[in-house]
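Taking it in order: structure first as structure tokens, then the write-up.
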Amino acid sequence: MRASQYLISTKKESPADAEVISHQLMLRAGMIRKVASGLYSWLPLGLRVFRKVEAIVRQEMDRSGALEIMMPVVQPADLWEESGRWGQFGPELLRINDRHGREFCLGPTHEEVVTDIVRNEIRSYKQLPANFYQIQTKFRDERRPRFGVMRTREFCMKDAYSFHIDSDSLQQTYDLMYQTYSTIFDRTGLVYRAVLADTGSIGGSVSHEFHVLADSGEDAIVFSSESDYAANIEKADALAPSEPTAPAIEEMAELATPGVHTINQLCDFIDTSADKTLKALIVSAEDEEGKTQLYGLMIRGDHELNEVKAQRALGLETEVTFATEEQIKSTLNCSPGSIGPVNLNLPIVVDNWAAQLSDFVCGANRDGYHLTGVNWQRDCGEFTVADIRNIVAGDPSPDGKGVLEIKRGIEVGHIFQLGTKYSEAMKANVLDENGKDRAMSMGCYGIGVSRIVAAAIEQNHDDNGIIWPESIAPFQVAIVPINMHKSELVAETCLTLYNKLVSAGYEVLFMDEPKARLGGMLADIELIGVPHRIVIGERGLGEGNVEYRNRREPENQHIAMDKLDDFIAENIIN
RNA sequence: CGGGAAUUAGCGCAGCCUGGUAGCGCGCCUGCUUUGGGAGCAGGAUGUCGGGGGUUCGAAUCCCUCAUUCCCGACCA
Numbered sequence: 018m019r020a021s022q023y024l025i026s027t028k029k030e031s032p033a034d035a036e037v038i039s040h041q042l043m044l045r046a047g048m049i050r051k052v053a054s055g056l057y058s059w060l061p062l063g064l065r066v067f068r069k070v071e072a073i074v075r076q077e078m079d080r081s082g083a084l085e086i087m088m089p090v091v092q093p094a095d096l097w098e099e100s101g102r103w104g105q106f107g108p109e110l111l112r113i114n115d116r117h118g119r120e121f122c123l124g125p126t127h128e129e130v131v132t133d134i135v136r137n138e139i140r141s142y143k144q145l146p147a148n149f150y151q152i153q154t155k156f157r158d159e160r161r162p163r164f165g166v167m168r169t170r171e172f173c174m175k176d177a178y179s180f181h182i183d184s185d186s187l188q189q190t191y192d193l194m195y196q197t198y199s200t201i202f203d204r205t206g207l208v209y210r211a212v213l214a215d216t217g218s219i220g221g222s223v224s225h226e227f228h229v230l231a232d233s234g235e236d237a238i239v240f241s242s243e244s245d246y247a248a249n250i251e252k253a254d255a256l257a258p259s260e261p262t263a264p265a266i267e268e269m270a271e272l273a274t275p276g277v278h279t280i281n282q283l284c285d286f287i288d289t290s291a292d293k294t295l296k297a298l299i300v301s302a303e304d305e306e307g308k309t310q311l312y313g314l315m316i317r318g319d320h321e322l323n324e325v326k327a328q329r330a331l332g333l334e335t336e337v338t339f340a341t342e343e344q345i346k347s348t349l350n351c352s353p354g355s356i357g358p359v360n361l362n363l364p365i366v367v368d369n370w371a372a373q374l375s376d377f378v379c380g381a382n383r384d385g386y387h388l389t390g391v392n393w394q395r396d397c398g399e400f401t402v403a404d405i406r407n408i409v410a411g412d413p414s415p416d417g418k419g420v421l422e423i424k425r426g427i428e429v430g431h432i433f434q435l436g437t438k439y440s441e442a443m444k445a446n447v448l449d450e451n452g453k454d455r456a457m458s459m460g461c462y463g464i465g466v467s468r469i470v471a472a473a474i475e476q477n478h479d480d481n482g483i484i485w486p487e488s489i490a491p492f493q494v495a496i497v498p499i500n501m502h503k504s505e506l507v508a509e510t511c512l513t514l515y516n517k518l519v520s521a522g523y524e525v526l527f528m529d530e531p532k533a534r535l536g537g538m539l540a541d542i543e544l545i546g547v548p549h550r551i552v553i554g555e556r557g558l559g560e561g562n563v564e565y566r567n568r569r570e571p572e573n574q575h576i577a578m579d580k581l582d583d584f585i586a587e588n589i590i591n
């Protein structure tokens with residue numbers, strides 16, 4: 018590609034509303050432009066990268082035996098009513114009416130549509146297993162789009178759905194997808210990890226997420242120092258403490274603690290450490306009858322609540338949210354900073370590690386007071402004990418090997434075993450070998466194509482711009498002439514090299530603007546992140562060589578003209 | 001959806017407190033000189049100061065209101 022025929026729309030300064038580095042660099046490099054909150058256009062340069070990622074995903078999905086299809090973005094409400102999700106999905110599902118007033122939604126995912134296809138097309142167990150995928154735009158009306166194309170409302174996802182006669186077959190395809198995903202992320206050149214994950218609102222049992230490791234990641238993932246154990250923090254079990262609760266020694270006493278509302282203030286006030294205190298959290302959720310109910314959750318002062326675990330421990334279908342200050346005040350007659358388990362008239366769940374405390378400090382359910390010397394058996398009423406806290410670094414690994422460390426990750430892929438959730442709801446049955454109807458088992462497998470582009474930048478950049486992995490770079494090589502308009506020799510040499518590389522199949526960016534200045538061209542090439550660059554000038558040609566620089570290296574190499582072909586063949590992957 | 005902030009030229013910002021002819025840097029256009037890491041000189045174009053309402057002789061500036069956007073908390077590729 019000749020730069021003079023292309024749109025290289027770079028900027029020196031990054032727009033004020035870009036916070037994370039990938040967003041800034043994508044804007045500065047001229048890859049994307051914002052249209053509205055969470056909606057982006059892809060400019061030619063950005064789209065080249067996007068297509069590279071897409072091609073890798075498509076090749077590996079095809080290689081796995083999955084069949085590509087394309088389903089509509091706009092989906093009829095009746096399919097969603099069949100699965101029960103029309104009512105379950107919140108405002109994230111963008112609902113629209115057509116000219117006849119019929120209800121539709123913009124597809125955030127395609128379980129319903131694909132299940133409808135398969136129940137109509139597949140009748141016999143002999144046609145299974147089957148795996149269908151598409152690479153297509155999804156729409157989710159996110160509460161808060163952010164971080165450029167990392168979290169948008171409209172985004173591109175590869176979504177695949179597999180169908181099986183039984184769970185063994187599902188497990189096989191699941192394992193195959195796990196392998197396929199590993200190959201895909203290997204090929205993108207990113208540092209990633211597969212981790213155990215919670216299944217969330219999609220439903221199902223077994224699930225893994227694929228995370229690109231980056232400090233800016235939105236998710237916390239935990240790893241064992243000694244084994245392969247890795248999990249999303251939502252999912253990682255905290256082992257119960259091995260030491261028993263120490264016997265009660267102190268008497269329970271009420272202590273006036275004016276102005277103390279937080280654990281930190283409490284620790285300062287009575288000069289203790291947070292792991293000797295108890296933190297009481299009040300959450301609100303709908304019980305089985307759909308009534309809003311408050312629950313008391315007790316964790317050690319230095320721990321954090323894990324809401325997914327809490328929901329499970331409470332045996333609830335709907336998600337739990339923190340109770341508002343008004344809810345707490347009207348129900349308990351005290352403010353959120355003064356709550357404790359003693360005489361608390363709510364269902365109570367105590368974390369394993371909080372349950373191990375003795376002679377601890379907690380709120381007195383009375384503003385301005387705390388209790389000291391509290392002990393569970395002696396002083397508190399009924400409660401249940403469960404794992405409801407987040408892992409902290411240094412906790413023992415659930416598999417018993419090593420301790421856990423925590424890193425940040427960007428979720429770029431997620432695979433699920435759905436079981437028969439959708440096939441039963443939508444009556445997607447096949448005849449088994451005995452001629453009996455059986456609901457198919459399903460798996461689903463997603464990859465965020467546009468998100469991979471941003472994640473790649475998060476993981477590969479420096480002060481000068483993007484450093485693309487070779488496999489997804491928009492161009493492989495840049496040719497930069499010096500004073501081409503003045504030197505026939507330079508112009509001639511560049512053009513010859515350009516034509517030769519293009520016909521050899523390389524993707525080349527030729528900076529052929531005659532009057533462009535060297536500094537500007539080099540800055541653009543570095544910002545855009547082209548992995549290889551060749552600078553050609555009269556001075557070097559006079560000595561019989563050109564300058565080569567790898568985007569990852571700080572220094573130039575002089576390459577003799579007569580060795581250039583060999584050098585390129587050896588150093589630039591094609 | 002709650003809490004905070006922002007909105008002035010394509011981009012980054014000043015001006016607002018204390019009302020009185022719309023500014024700076026980058027970018028863009030023209031010409032000349034330059035050209036080994038974002039050039040110099042000269043000339044030029046571009047604004048309903050986010051929208052609406054109010055106060056005032058007069059509003060970018062003060063008041064009200066709406067909208068949009070970003071940041072911090074609960075969801076997900």
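Everything in the first sequence is counted per the working numbering, starting at 18 for the first residue and increasing by one.
Think of the CB as a built atom: it goes at the ideal place given N, C-alpha and C, for glycine as much as any other residue.
This one's a predicted model, so the numbers in the text were calculated from it and none came from an experiment.
Membership of PRO93 in the beta strand (DSSP E) is indicated by the continuous run 91-93. Between the segment 456-473 and the segment 422-439 there are three or more C-beta pairs closer than 8 Å, enough to call the two in contact. If you check the CB distance, GLY206 and ILE427 do not come in under 8 Å. For the pair LEU544 and THR27, the CB atoms are nearer than the 8 Å cut-off.
In the structure shown, the three-state DSSP call for GLN574 is strand. Shown here, LYS51 sits in a strand according to DSSP, grouped into three states. Contact between VAL37 and PHE164 holds: CB atoms are separated by about 5 Å, below the 8 Å threshold. In the structure shown, the three-state DSSP call for HIS549 is strand. DSSP assignment within the segment 423-476 yields the following whole alpha helix (DSSP H) runs of 4 residues or more, N-terminal first: 438-442 and 466-476. Looking at the DSSP output, LYS503 bridges to nothing.
Distance from ASN369 to PRO258 at the Cβ level is roughly 6 Å; contact confirmed, criterion being Cβ atoms closer than 8 Å. With contacts defined by Cβ atoms closer than 8 Å, HIS387 and LEU314 do not form a contacting pair. For TYR312, the beta-bridge partners assigned by DSSP are VAL300. In the DSSP assignment, the residues bridged to MET174 are GLN153 and GLY465. Burial state of MET528 is buried, judged by a 10 Å Cβ sphere holding 16 or more other Cβ atoms. The continuous beta strand (DSSP E) containing SER241 extends over residues 236-241.
Annotated three-state conformation of ALA33 is coil, per DSSP. Note on geometry: alpha-carbon atoms of GLN493 and ILE585 lie some 11 Å from one another.
A Cβ-Cβ contact shorter than 8 Å links VAL470 with VAL70. Take the alpha-carbon of VAL563 and the one of GLU530: they are about 19 Å apart. Considering only TYR312, PHE240 and ASN360, the residue with the shortest C-alpha distance to ILE345 is TYR312.
Runs of the alpha helix (DSSP H) lying entirely within the segment 229-293 and spanning at least 4 residues, in chain order: 280-287. Cβ-Cβ distances below 8 Å link ALA231 to ARG425, GLY426, ILE427, ALA472, GLU475 and GLN476 in the same chain, with the five nearest sequence neighbours on each side left out; the list follows chain order. Counting along the chain, ARG395 sits inside the alpha helix (DSSP H) bounded by residues 393-396. Under DSSP, CYS122 shares a beta bridge with GLN92 and ARG112. For GLU564, the enclosing beta strand (DSSP E) stretches over residues 562-567. For ALA211, the uninterrupted beta strand (DSSP E) run begins and ends at 209-213, by DSSP. With respect to the C-alpha of ARG395, the residue from LEU24, VAL90, PRO264 and MET501 having the closest C-alpha is PRO264. The Cβ atoms of CYS397 and VAL366 do not sit closer than 8 Å to each other.
The Cβ neighbour count for LEU84, taken over all protein chains shown within 10 Å, is under 16; the residue is labelled exposed.
Annotation: ARG204 to PRO61 spans about 23 Å, alpha carbon to alpha carbon. Residue range 184-204 is occupied by the alpha helix (DSSP H) that includes PHE202, with no beta strand (DSSP E) assigned at that position.
Closest by C-alpha distance to LEU333, out of VAL447, ASP319, SER347 and SER301, is SER301. Around the beta carbon of HIS228, 16 or more other beta carbons lie within 10 angstroms, which makes this residue buried. For MET443, the number of other beta carbons within 10 angstroms of its own is at least 16, and it is reported as buried. Collapsing the DSSP output to three states places ARG161 in coil.
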